[in-house]
Structures are given as C-alpha cells and as structure tokens.
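Position one of the sequence shown corresponds to residue 217 (this note's numbering), numbered consecutively onward.
From the three backbone atoms N, C-alpha and C, an ideal C-beta is built for every residue, glycine too.
Since the model is a prediction, treat every value here as computed from it, not as a measurement.
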Amino acid sequence: MVPQAETAIEHNLLEVRGRIASAANSAGRSPSEVLLIAVSKTFPAETVLQAAAAGQSCFGENRIQEAEGKIHALRGSQQLEWHLVGHLQSNKARRAAELFDVIHSLDNVKLAERLSQACRDTGKVLSVLVQVDLGHETTKSGVAESLLRELVHAAASLPGLRLDGLMTIPPFFDDPQQTRPYFAELRAWKDLLEKEKPGCLGRRHLSMGMTHDFEIAIQEGATMVRIGTAIFGSRSHA
Ligand SMILES: *Cc1c(COP(=O)(O)O)cnc(C)c1O
C-alpha cells in the first residue's frame, strides 16, 4: 500500500469518527462515550503530528523503545495522550510508567507492583487496564479468567495506580460478527466485578475493538477503541 498523505489521514479520521458515531447511535449510546485511540505503531512522529493537526489527541503504541522516540520528539509541541496497548514486560515497567498516560496491558500482579513502585517514586498516578485473555490462546498476552479477580483486586488497591477497566483482544475471525461473544463476555466481567466490589474498576472502561471489528465492540459497550489501519493505512510490519 502507498504511504498515506496528510489529507488521507484527515479523511480517514473523519470517516472513522463517523463510523464510531453510527455504531454508537445504532446501540442507543452517545458517541461521546467512545474514546478513539489512534494506534500509530510503525508510523513516524511526523505521521502522528498530521493526525494531531486533524484533531486527534490520543495515540496508542505497542513497543516501549519505538514509543519513547516519538513521545520525546513530540513532547512540548502538542498536548497528546499516550496509551500502551502492547505487551509489557516487568523489567520495562519503570520506563512505561514514565512515558505513558494509560497502560492497557496489565496482566500479572508482579507487573502491577512494579508499576505501582515506579509511580510512588515519581508521584505519578497511572491509569491502567487489565488485559483479559478470553480466547484462551497461549500466544496472546492477558490474564487468564481464573486469575482475573485476584489481579483486579490487587491492582485496585496499589498506590500510584488507578485501575480504570478491562481490555481484550479477541481471536481473529474473517467474519467480525464472530468476535461479538468475546466483547459481550468482557462487558459481563466488568459488570460482575463492579457488582462484587463497587468502584474496583474506576472509570469502568472497556478497551476493545480494532479496525476489523470496532463497530461490533461499540455495540457491545466499548468505551475505548484502538484503531490503526483504518486511520494510517496498512503497516509494512507489525
Ligand atoms: C496494532 C494494534 C491495534 C490496531 O490494530 P488495527 O487492526 O490496525 O486497527 C489495536 N490494538 C492492539 C493491541 C494492537 O497491537
């Protein structure tokens, strides 16, 4: 695919925002309940700037090293919010806690403790989401459902962290309708955990839905969608 010109990103953002609004309306929800995170992984800082110029302020990255370059390059010039959507190893917790505003990939207690310690040292309050492995695929990261409760309760009580909800990446299906049960299941977990321990999920976010399936995720209650390809075009590598 050819690189996207500035006008293409602007056009794509408008189109994606329109599709988000339609999906929300079709489910009787307000479009303002859905935060668009533009996943800019593999694209350079200049591309992020083009999207920012088109009014986009939240960006998602999946690798610390790559994100660090962009975040530092754009720091000061723009008021941007950075979301880590990719897997995070405990030994990179400190750097992640410094760089990002929201971590979507909390999946074990040790990582939660490392992030908490880093935040206590710097006085930062970091928003985190627990990533849940609903597909039971060993290749995917995320906490197993059998360990979810324990992780949520641990993360909710750690200083420096604000647990704000749940995230999932369903298995890939050609027909996006087949992802619907996974999104519904994540919402059911949110409702159950909040019923058992009110307030434990903070702002009660559900981070779910990507280019292929975000409309279905919104119909099932997504409050954050993570969209790369539909905004920036195809990536040459993942
Ligand atoms: C890359 C990525 C996305 C965006 O995927 P697209 O299909 O390009 O929209 C969303 N979430 C995560 C965790 C990702 O790694």
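| Query | Result |
| --- | --- |
| Inside the region 360 to 416 only - beta strand (DSSP E) runs reaching at least 3 residues | 377 to 383 |
| Where the beta strand (DSSP E) containing residue 299 begins and where it ends | 297 to 300 |
| Closest residue to residue 393 among 445, 405, 430, 362 (Cα-Cα distance) | 430 |
| Where residue 337 falls: helix, strand or coil (DSSP) | helix |
| Nearest candidate by alpha-carbon position, reference residue 337, set 234, 304, 421, 375 | 375 |
| N- and C-terminal bounds of the alpha helix (DSSP H) containing residue 266 | 261 to 269 |
| Pairwise C-alpha distance: residue 223 and residue 416 | 42 Å |
| Outcome for residue 164 when other beta-carbon atoms lying within 10 angstroms are tallied against a minimum of 16 | Beyond the ends of the chain as shown, which are 217 and 454, falls residue 164; an answer cannot be given. |
| Neighbourhood of residue 371 by C-beta distance below 7 Å, restricted to the same chain and skipping five residues each side | 322, 328, 344, 346, 377, 379 |
| Chain-ordered residues, beta carbon under 5 Å from a heavy atom of ligand 1 | 255, 278, 301, 426, 427, 442, 443, 444, 445 |
| Contact check, residue 250 vs residue 236, beta carbons under 8 Å | yes |
| Nearest-angstrom Cα separation, counted from residue 261 out to residue 289 | 7 Å |
| Distance between residue 305 and residue 326 (C-alpha atoms, nearest Å) | 10 Å |
| Where residue 264 falls, given that 16 or more other Cβ within 10 Å makes a residue buried | buried |
| Backbone CA spacing between residue 414 and residue 231 [nearest angstrom] | 37 Å |
| Residue 242, DSSP secondary structure in three states | helix |
| Segment contact, 8 Å Cβ cut-off, at least three pairs: the region 269 to 277 with the region 290 to 300 | yes |
| Distance CB(residue 399)-CB(residue 446) smaller than 8 Å | no |
| C-beta atoms of residue 422 and residue 402 nearer than 8 Å | yes |
| Short Cβ contact (8 Å threshold) for residue 348 with residue 364 | yes |
| Coil, strand or helix - residue 330 by DSSP | helix |
| Residue environment, residue 307, which counts as buried when at least 16 other CB atoms sit within 10 Å | exposed |
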